[in-house]
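Asks: Next up is a structure, given as C-alpha cells.
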Amino acid sequence: MGKGRSEELIRRRDKTLVERFIYWTETARLRYDDTIKVLSENEFFISESRVMQILRKNADKLNVNNIPKKTIKYRVLPFFKGQ
C-alpha cells in the first residue's frame with residue numbers, strides 16, 4: 103500500500119459530503135451557512151473552507167433537479183437527532 107491518502111476513500115468521502123449537503127439544504131431546509139457548519143464540525147471534521155472546496159469541485163452533482171429522487175440515499179446519523 104502506497105503512502106498518502108487513498109483516492110478511493112477521498113472519492114467516497116466527497117460523494118457522501120455532496121449527498122449530505124443535498125439532504126441538509128433540500129430536505130431539512132437548513133440555510134447554506136448552517137449546512138456548511140454542520141458538515142464541517144459535526145459530520146466530516148474538516149474545515150469549512152475545505153467543505154466549500156469539495157462542493158465547488160462537485161458542483162455538477164449539486165443540481166438537485168437533475169437527480170432522480172430514488173437515487174439520493176440519505177443516512178440518518180445517530181448523533182443528529184432533532185437537527
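103 is the number of the first residue of the sequence shown in this note's numbering; add one for each residue after it. We put the beta carbon where it would ideally sit given N, CA and C, even for glycine.
(1) Check whether the Cβ atoms of residue 160 and residue 116 lie closer than 7 Å to each other.
(2) According to the Cβ coordinates, are residue 119 and residue 147 closer than 7 Å?
(3) In or out: residue 129 buried (at least 16 other Cβ within 10 Å) or exposed?
(4) So, helix, strand or coil for residue 140, using DSSP?
(5) How far does the alpha helix (DSSP H) with residue 118 in it extend, from its first residue to its last?
(6) Leaving out five residues before and five after residue 153 in sequence, what residues of the same chain have Cβ atoms less than 6 Å from its Cβ?
(7) For residue 133, does the three-state DSSP call read helix, strand or coil?
Replies: Result, derived from the coordinates:
(1) yes
(2) no
(3) exposed
(4) helix
(5) 109 to 124
(6) 138, 141 and 142
(7) coil
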